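Worksheet for the structure shown next.
There are 2 protein chains.
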Amino acid sequence: METPCLVMDADLMEANLHTLQAAVNRAGKALRPHAKSHRCSRIAHRQVQVGAVGICVAKLREAEVLALSGITDILLTGPVADSTRLQRVPALLERAPHLMLVLDSHETARILHQSLAAHNRSLDILIDLDVGLHRTGIPPCDAVSFARALAAFPTLRLRGIQAYAGQVQHIRAFEERRTASLTCMKEAGQTFESLRRQYPACTIFTGGGTGTFDIDIEIPALTDLQAGSYALMDADYRTVQSRGCLTPTHTFTPPLRLLTTVIGTHHPSHVTVDAGLKTMYRDGASPVPAEPEWSHLSYEWFGDEYGRLLTPPGTRRPRCGDRISLYVSHCDPTVNLFDAFNMIRAGSPAETWPIDLRGCSQ
Amino acid sequence: METPCLVMDADLMEANLHTLQAAVNRAGKALRPHAKSHRCSRIAHRQVQVGAVGICVAKLREAEVLALSGITDILLTGPVADSTRLQRVPALLERAPHLMLVLDSHETARILHQSLAAHNRSLDILIDLDVGLHRTGIPPCDAVSFARALAAFPTLRLRGIQAYAGQVQHIRAFEERRTASLTCMKEAGQTFESLRRQYPACTIFTGGGTGTFDIDIEIPALTDLQAGSYALMDADYRTVQSRGCLTPTHTFTPPLRLLTTVIGTHHPSHVTVDAGLKTMYRDGASPVPAEPEWSHLSYEWFGDEYGRLLTPPGTRRPRCGDRISLYVSHCDPTVNLFDAFNMIRAGSPAETWPIDLRGCSQ
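From first to last, the protein sequence lines stand for chains E and H. Those letters in the first sequence? Residues 1 to 362, per this note's numbering, in order. Those letters in the second sequence? Residues 1 to 362, per this note's numbering, in order.
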């Protein structure tokens, strides 16, 4: 393996897939994992095999590549806002017959309906609710009137709501995060109940993430969870506290690491490694050495191509050519910097898995 | 053009190539532009056609792809530290006969020599000097003894020194930056003069960057400049002051922009756009709207896939579907997020140029 490169412990990743699926099953909910984190259709297929009801993606091009790989149940969680792209939905439906889109605009609904009608197709849709992030979605109080307006478009089958509280996922303290998430989701739950009474086909209330998985699956109205990072984990999620526990979360053991090589040892204060901004996205907590023998080193950014590992006086120093692996800062945008995961099984290098949704940000 | 995507004004980029080449020519120096910024062999070929003596790259894989495109004069500015990779140098020399490597380690020199000798090849090399960045390189005071040691390896032809003061390129105030750069480069210049007296083939003193181009080309000993960002520019370099001028630099007009679409207008304080962390690398100054009509909007990060443009009360608001282009935060790692530049000529979309060195970080 030529460094810098991504390595993934396949056994730990499998364990994470099973851990969350089991927790969701126990709560009587469904899991619809988000592929925006791993951007890898092979992982998506594993998630479906382990029990997921479908896969979420953020962008239309991600959905198209995932559909090509054979995933048929895809939820596109970001509203598609331009008419050119909406024209591609009927073709995508051919490959992914259980495709769902979210809607937060009457105009988009109108264009989508025209496009579907022209191809004699219909589509499941969810209303995208804004539960405080203020990024996309309509306020919960507008959902019932929006649902009524959607009835004018017979190609659109209203199936429920999406409510994603992205702003609470990384709140460090568990109780604070729990209160914030439950507050956000409460009004969404009430909206869902109102809709369900009027529209019996409304059976989906999807939302949540890795940071709130064990909070959100206790919300009675929620039907499915959209967590993504749990499969890979990263240095930032390691600083988010677990339920009843003041130490970093250990529910999901991080399988993803960035392998780097020491290329400079001329200075007593640090060694230089070959991984910088271009191979680990700087966002949130700093990268952390994964090997216990190097836990006394701390990573600092050192330009586009380099990093430095601070070597405290009197501690063991890496030598030139040594390989050290790091938990990355933020998994989603870091994975997007590479074309493949180098899989590790039982501690040994195995096959590579293509990151085939890399760059599919349109 | 499907958003988010990179657009490049080909005319402005050409102007930047000519502006720097002319400045370097006037100073009697050579230009050896750094391809780590644009990662595009077509731009590298244009730089050579405009007058560059060669092209710099940071990593071996960048050199290999650039050589495949037909560039024969390549300087690899980052030391190659592992023996496996050093074995690939003879094959690279076949394609790029004027390849140069930098060295900062006797052990690397020994392995490189063995590899070259086994293939009956020889190679131009530069001594990598550490002029205060402490990332790679040896202290200038050690250069003469290192040069003497290199004489034991007859396949390595010592051609000069490299001194890159990365730590001073983004100092905002011109005079402060000038003093810092001249201080760093002074000892390197003296070292170069000493080496040149002993080794007549030592004719190259390469260094500098976009932030110090007009400072470094006035250093008598410097022979060539390694600037990279000047071709593309970004929001961060726009905040670096020019000589004798307290406003942002206007020496190089930014040709690179990120085209984004407004996808959400539900909130009075902002609109949501489809470009976030995954399509603009967050590093340094915030992205800035490029169109004068949208200069009253300010960009804020809004997750992996989204951004928001703050809309001050009483100002014109973009509508859903509007396209707005942004000067990106930091060009180098942002370019690495895409597979192509969408070229614009005379204001109209033209061909795409592949970013064929994307992901070549090994």
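In this text, a Cβ means the ideal position worked out from N, Cα and C, and glycines have one as well. The structure presented is a predicted model; accordingly, all values stated were derived computationally and were not measured.
Inside the segment 93-137 of chain E only - alpha helix (DSSP H) runs reaching at least 4 residues: You should have 106-118.
Length-filtered (4 minimum) alpha helix (DSSP H) runs lying within the segment 142-169 of chain E: When DSSP assignments are scanned along the segment 142-169 of chain E, the uninterrupted stretches of alpha helix (DSSP H) that are 4 or more residues long and fall wholly within it turn out to be 143-150.
Min CB distance E:V144 to chain H below 9 Å: Numbered from 1 along the first sequence, position 144 holds the residue referred to as residue 144 of chain E. Cβ-Cβ to chain H under 9 Å: no for E:V144.
Assigned exposure category for E:R46 - 16 Cβ within 10 Å defines buried: Position 46 of the first sequence, counted from the start, is the residue given in the question as residue 46 of chain E. With 16 or more Cβ atoms within 10 Å of its Cβ, E:R46 is classed as buried.
Within chain H, partners of E:A15 - CB distance below 7 Å: As a position in the first sequence, residue 15 of chain E is number 15, starting the count at 1. Here the premise fails: no neighbours, minimum Cβ distance about 25 Å.
Residue span of the alpha helix (DSSP H) that contains E:S194, given as start and end: Along the first sequence, one-based indexing puts residue 194 of chain E at 194. Per DSSP, E:S194 belongs to the alpha helix (DSSP H) from F174 to Q198.
Exposed unless 16 or more other CB atoms sit within 10 angstroms - verdict on E:A149: Here the question's residue 149 of chain E lines up with position 149 in the first sequence. Residue environment for E:A149: exposed (fewer than 16 other C-beta atoms within 10 angstroms of its C-beta).
E:D130 versus E:L76 - alpha carbon distance: Counting from 1 along the first sequence, the entry for residue 130 of chain E is found at position 130. Counting from 1 along the first sequence, the entry for residue 76 of chain E is found at position 76. A straight line joining the alpha-carbon of E:D130 with that of E:L76 spans about 16 Å.
Neighbouring residues, chain H, relative to E:T261 (Cβ below 7 Å): As a first step, residue 261 of chain E must be located in the first sequence, where it is residue number 261. The contacting residues are A81 and D82.
Sequence-distant residues of the same chain with beta carbon closer than 8 Å to H:T223, five excluded per side: Start at 1 with the first residue of the second sequence, and residue 223 of chain H comes out as number 223. The beta carbon of H:T223 sits closer than 8 Å to the beta carbons of K29, A30, G160, T203, I204, F205 and T206 from its chain, once the five residues preceding and following it are set aside; these are given in chain order.
H:S105 at chain E interface by Cβ criterion, 9 Å: If you number the second sequence from 1, residue 105 of chain H lands on position 105. Yes, contact with chain E.
N- and C-terminal bounds of the alpha helix (DSSP H) containing E:T19: In the first sequence, the residue the question calls residue 19 of chain E occupies position 19. For E:T19, the enclosing alpha helix (DSSP H) covers residues A10 to R26.
CB contact flag (H:D274, E:G166, <9 Å): As a first step, residue 274 of chain H must be located in the second sequence, where it is residue number 274. As a first step, residue 166 of chain E must be located in the first sequence, where it is residue number 166. At least 9 Å separates the beta-carbon of H:D274 from that of E:G166.
Cα-Cα separation between H:Q162 and H:D104, rounded to whole angstroms: Along the second sequence, one-based indexing puts residue 162 of chain H at 162. Along the second sequence, one-based indexing puts residue 104 of chain H at 104. Approximately 10 Å, taken between the alpha carbons.
C-alpha gap between E:E218 and H:E305, whole angstroms: Looking up residue 218 of chain E in the first sequence gives position 218. Looking up residue 305 of chain H in the second sequence gives position 305. Spanning the two alpha carbons is a distance of roughly 28 Å.
Below-9 Å beta-carbon distance, E:D236 vs any chain H residue: Within the first sequence, the letter at position 236 stands for residue 236 of chain E. Residue-level contact check: E:D236 does not touch chain H, since none of the beta carbons of chain H fall below 9 Å from its beta carbon.
Segment limits, alpha helix (DSSP H) that includes E:L60: Along the first sequence, one-based indexing puts residue 60 of chain E at 60. Going by DSSP, E:L60 is part of the alpha helix (DSSP H) stretching over L60 to L68.
According to DSSP, residues forming a beta bridge with H:T343: As a first step, residue 343 of chain H must be located in the second sequence, where it is residue number 343. As written in the sequence, residue 343 of chain H is Met, which differs from the Thr given in the question. Paired residue(s): H:M8.
Under 9 Å between C-beta atoms of H:F213 and H:Y230: Sequence index remark: in the second sequence, residue 213 of chain H carries index 213 (1-based). Sequence index remark: in the second sequence, residue 230 of chain H carries index 230 (1-based). In contact: H:F213 and H:Y230 (Cβ atoms closer than 9 Å).
C-alpha gap between E:K278 and H:I344, whole angstroms: Reading the first sequence from its first residue, position 278 is the one you call residue 278 of chain E. Reading the second sequence from its first residue, position 344 is the one you call residue 344 of chain H. Each residue's Cα considered, the two are about 26 Å apart.
Proximal residues, the segment 336-347 of chain E versus chain H, C-beta separation under 8 Å: From the segment 336-347 of chain E, only N336, L337, F338 and D339 have a Cβ closer than 8 Å to chain H.
Nearest to E:C141 (by Cα), restricted to the options E:C56, E:I127, E:N120 and E:A67: Here residue 141 of chain E refers to the residue found at position 141 of the first sequence. Residue nearest to E:C141 within the set E:C56, E:I127, E:N120 and E:A67 is E:I127 (criterion: CA-CA distance).
Identified DSSP bridge partners for H:L357: By one-based count along the second sequence, residue 357 of chain H stands at place 357. H:L357 pairs with nothing; no bridge assigned.
Neighbour-count burial assignment, H:T368, 16 or more Cβ in a 10 Å radius: In the structure displayed, chain H extends from 1 to 362; residue 368 of chain H sits before or after that span and is not available.
H:H45 (DSSP reduced to helix, strand or coil): For the purposes of this step, residue 45 of chain H is taken as the residue at position 45 of the second sequence. It is helical.
Per DSSP, cross-strand counterpart(s) of E:V271: What you label residue 271 of chain E is simply residue 271 of the first sequence in a count that begins at 1. Answer by DSSP bridge pairing, in chain order: E:L309.
Distance CB(H:S325)-CB(H:V7) smaller than 9 Å: Working through the second sequence from its first residue, we reach residue 325 of chain H at position 325. Working through the second sequence from its first residue, we reach residue 7 of chain H at position 7. Yes, they are a contact pair.
Interface residues of the segment 265-279 of chain H facing chain E [CB-CB below 9 Å]: Here the close residues are T265, H266, H267, S269, H270, T272, D274, A275, G276, L277, K278 and T279.
As assigned by DSSP and simplified to three states, the class of E:C331: By one-based count along the first sequence, residue 331 of chain E stands at place 331. E:C331: helix per DSSP, three-state reduction.
Below-9 Å beta-carbon distance, E:G78 vs any chain H residue: For the purposes of this step, residue 78 of chain E is taken as the residue at position 78 of the first sequence. Taking 9 Å as the CB threshold, E:G78 lines the interface with chain H.
Status (buried if at least 16 other CB within 10 Å, exposed otherwise) for E:E62: Numbered from 1 along the first sequence, position 62 holds the residue referred to as residue 62 of chain E. Residue environment: E:E62 is assigned as buried (16 or more neighbouring CB atoms within 10 Å of its CB, all protein chains considered).
Reduced DSSP category for E:D224 - H, G, I as helix; E, B as strand; rest coil: On the first sequence, residue 224 of chain E is found 224 positions in, with the first residue counted as 1. Of the three classes helix, strand and coil, the one that applies to E:D224 here is strand, per DSSP.
Span separating the alpha-carbon of H:A69 from that of H:I355: Residue mapping note: residue 69 of chain H aligns to position 69 of the second sequence, counting from 1. Residue mapping note: residue 355 of chain H aligns to position 355 of the second sequence, counting from 1. Here the sequence assigns Ser to residue 69 of chain H, which means Ala is not the residue at that position. Our two residues, H:S69 and H:I355, have alpha carbons roughly 12 Å apart in a direct line.
is_contact[E:G208, chain H] using C-beta, thresh 9 Å: Numbered from its first residue, the first sequence carries residue 208 of chain E at position 208. No, E:G208 does not count as interfacial toward chain H.
Closer than 9 Å at the beta carbon, the chain H residues around E:T136: On the first sequence, residue 136 of chain E is found 136 positions in, with the first residue counted as 1. Those within 9 Å of E:T136 in chain H are I263, G264, H266, T272 and Y306.
Cβ-based contacts, 7 Å cut-off: residues of the segment 195-206 of chain E near chain H: Against chain H - using a Cβ distance shorter than 7 Å - the segment 195-206 of chain E contributes no residues.
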